[in-house]
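>
Numbering (the numbering used here), first residue to last: 2 to 133.
1) Once the 5 residues before and after residue 109 are set aside, which same chain residues still bring their CB inside 6 Å of it?
2) Could you compute how far the alpha carbon of residue 106 sits from the alpha carbon of residue 43?
3) When the Cα atoms are used, what is the spatial distance from residue 60 to residue 101?
4) Tell me the DSSP secondary structure of residue 26 in three-state form.
5) Where does residue 100 sit, in a helix, a strand or coil, going by DSSP?
6) Measure from the alpha carbon of residue 62 to the alpha carbon of each residue in 54, 82, 49 and 68, then state which is nearest.
7) Could you give the residue range of the beta strand (DSSP E) that holds residue 50?
8) Can you tell me which of 90, 115, 34 and 99 puts its alpha carbon nearest to the alpha carbon of residue 134?
9) Since I believe residue 57 is in contact with residue 93 (beta carbons under 8 Å), could you give me their beta-carbon distance rounded to a whole number of angstroms?
10) Go ahead and label residue 30 buried or exposed: buried means 16 or more other beta carbons lie within 10 angstroms of its beta carbon, across all protein chains shown.
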(Lines of atoms letter the chains of each structure in order from A and count residues from 1; the text may use other names and numbers.)
(Lines give C-alpha, C1' and ligand atoms only; values in the text may rest on other atoms or scores of the structure.)
Protein backbone atom coordinates (compact mmCIF):
# COMPACT_ATOMS: atom_id res chain seq x y z
CA UNK A 1 0.00 0.00 0.00
CA UNK A 2 2.80 2.42 0.89
CA UNK A 3 4.61 1.66 -2.36
CA UNK A 4 1.46 2.30 -4.38
CA UNK A 5 0.84 5.60 -2.57
CA UNK A 6 4.46 6.64 -3.08
CA UNK A 7 4.25 5.70 -6.77
CA UNK A 8 1.07 7.76 -7.33
CA UNK A 9 2.48 10.75 -5.43
CA UNK A 10 5.68 10.64 -7.49
CA UNK A 11 3.69 10.29 -10.71
CA UNK A 12 1.50 13.29 -9.81
CA UNK A 13 4.50 15.52 -8.98
CA UNK A 14 6.32 14.52 -12.16
CA UNK A 15 3.21 15.12 -14.29
CA UNK A 16 2.74 18.59 -12.80
CA UNK A 17 6.38 19.49 -13.46
CA UNK A 18 6.17 18.33 -17.09
CA UNK A 19 2.92 20.23 -17.65
CA UNK A 20 4.42 23.43 -16.25
CA UNK A 21 7.55 23.02 -18.39
CA UNK A 22 5.46 22.45 -21.53
CA UNK A 23 3.25 25.46 -20.77
CA UNK A 24 6.22 27.82 -20.38
CA UNK A 25 7.89 26.44 -23.54
CA UNK A 26 4.72 27.15 -25.56
CA UNK A 27 3.86 30.48 -23.94
CA UNK A 28 5.16 34.03 -24.41
CA UNK A 29 8.76 34.97 -23.63
CA UNK A 30 10.41 38.38 -23.39
CA UNK A 31 14.01 38.74 -24.57
CA UNK A 32 15.79 42.08 -24.08
CA UNK A 33 18.57 43.39 -26.34
CA UNK A 34 20.27 44.50 -23.11
CA UNK A 35 19.32 43.96 -19.48
CA UNK A 36 21.22 46.88 -17.98
CA UNK A 37 22.30 50.39 -18.87
CA UNK A 38 24.85 52.65 -17.16
CA UNK A 39 24.38 56.39 -17.70
CA UNK A 40 27.87 57.04 -16.32
CA UNK A 41 28.42 60.33 -14.44
CA UNK A 42 25.55 62.82 -14.42
CA UNK A 43 24.96 66.03 -12.46
CA UNK A 44 22.47 66.24 -9.62
CA UNK A 45 19.14 67.37 -11.05
CA UNK A 46 19.70 65.83 -14.49
CA UNK A 47 16.89 63.76 -15.99
CA UNK A 48 18.09 60.91 -18.20
CA UNK A 49 16.24 58.17 -20.05
CA UNK A 50 16.98 54.90 -21.76
CA UNK A 51 14.95 52.68 -24.06
CA UNK A 52 15.07 48.93 -23.40
CA UNK A 53 14.12 47.10 -26.61
CA UNK A 54 12.65 43.62 -26.40
CA UNK A 55 11.20 40.86 -28.56
CA UNK A 56 8.52 38.29 -27.83
CA UNK A 57 10.54 35.15 -28.55
CA UNK A 58 7.76 32.86 -27.33
CA UNK A 59 4.90 31.15 -29.13
CA UNK A 60 1.95 33.09 -27.66
CA UNK A 61 1.14 36.84 -27.45
CA UNK A 62 3.00 38.72 -24.71
CA UNK A 63 1.01 41.14 -22.55
CA UNK A 64 2.82 43.47 -20.13
CA UNK A 65 0.44 44.35 -17.32
CA UNK A 66 2.73 46.42 -15.10
CA UNK A 67 6.26 47.77 -14.81
CA UNK A 68 7.44 48.44 -11.24
CA UNK A 69 10.33 50.63 -10.15
CA UNK A 70 12.23 50.91 -6.88
CA UNK A 71 11.40 54.57 -6.25
CA UNK A 72 9.46 57.55 -7.59
CA UNK A 73 12.62 58.94 -9.21
CA UNK A 74 12.38 56.23 -11.87
CA UNK A 75 9.40 56.36 -14.24
CA UNK A 76 8.68 53.72 -16.90
CA UNK A 77 6.54 53.94 -20.02
CA UNK A 78 5.57 50.74 -21.79
CA UNK A 79 2.92 49.13 -24.03
CA UNK A 80 0.46 48.52 -21.18
CA UNK A 81 -1.98 45.72 -21.92
CA UNK A 82 -1.15 45.52 -25.63
CA UNK A 83 -0.74 42.04 -27.11
CA UNK A 84 2.72 41.69 -28.63
CA UNK A 85 2.64 38.80 -31.09
CA UNK A 86 5.44 36.23 -31.31
CA UNK A 87 8.37 37.72 -33.21
CA UNK A 88 7.20 41.31 -32.66
CA UNK A 89 9.25 43.87 -30.76
CA UNK A 90 8.46 46.55 -28.22
CA UNK A 91 10.10 49.13 -25.99
CA UNK A 92 10.15 50.04 -22.32
CA UNK A 93 11.43 53.57 -21.73
CA UNK A 94 12.87 54.29 -18.28
CA UNK A 95 13.32 57.89 -17.14
CA UNK A 96 15.48 58.68 -14.08
CA UNK A 97 15.35 62.03 -12.24
CA UNK A 98 18.50 62.60 -10.17
CA UNK A 99 17.08 65.51 -8.14
CA UNK A 100 17.96 64.92 -4.49
CA UNK A 101 20.24 61.98 -5.30
CA UNK A 102 24.00 61.70 -4.79
CA UNK A 103 26.56 59.02 -5.53
CA UNK A 104 26.09 55.65 -7.15
CA UNK A 105 22.47 54.83 -8.03
CA UNK A 106 21.24 51.36 -8.93
CA UNK A 107 17.58 51.04 -9.95
CA UNK A 108 15.78 47.79 -10.72
CA UNK A 109 12.80 47.85 -13.08
CA UNK A 110 10.54 44.79 -12.74
CA UNK A 111 8.30 43.72 -15.62
CA UNK A 112 5.02 41.92 -14.83
CA UNK A 113 3.47 40.05 -17.75
CA UNK A 114 1.56 36.95 -18.71
CA UNK A 115 4.83 34.97 -18.68
CA UNK A 116 4.20 34.22 -15.02
CA UNK A 117 7.58 35.21 -13.60
CA UNK A 118 8.72 38.81 -13.30
CA UNK A 119 11.63 39.82 -15.50
CA UNK A 120 13.86 42.79 -14.72
CA UNK A 121 16.21 45.33 -16.23
CA UNK A 122 18.55 47.69 -14.41
CA UNK A 123 19.81 51.24 -14.75
CA UNK A 124 22.84 52.62 -12.94
CA UNK A 125 24.50 56.00 -12.75
CA UNK A 126 26.82 58.07 -10.61
CA UNK A 127 25.25 61.38 -9.52
CA UNK A 128 27.79 64.16 -9.01
CA UNK A 129 27.16 67.49 -7.24
CA UNK A 130 25.77 70.17 -9.53
CA UNK A 131 28.34 72.82 -10.44
CA UNK A 132 27.39 76.17 -8.93
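Backbone N, C-alpha and C define an ideal beta-carbon position, used for all residues, glycine too.
No experiment lies behind these values; they were computed from the predicted model shown.
The structure says:
1) 71, 121 and 123
2) The straight-line gap from Cα to Cα measures roughly 11 Å.
3) One alpha carbon belongs to residue 60, the other to residue 101, and they sit about 44 Å apart.
4) helix
5) Reduced to three states, the DSSP call for residue 100 is coil.
6) 82
7) 48 to 57
8) Outside the shown range of the chain, which is 2 to 133, sits residue 134, and nothing can be said about it.
9) The pair is not a contact, with the Cβ atoms about 13 Å apart (cut-off 8 Å).
10) buried
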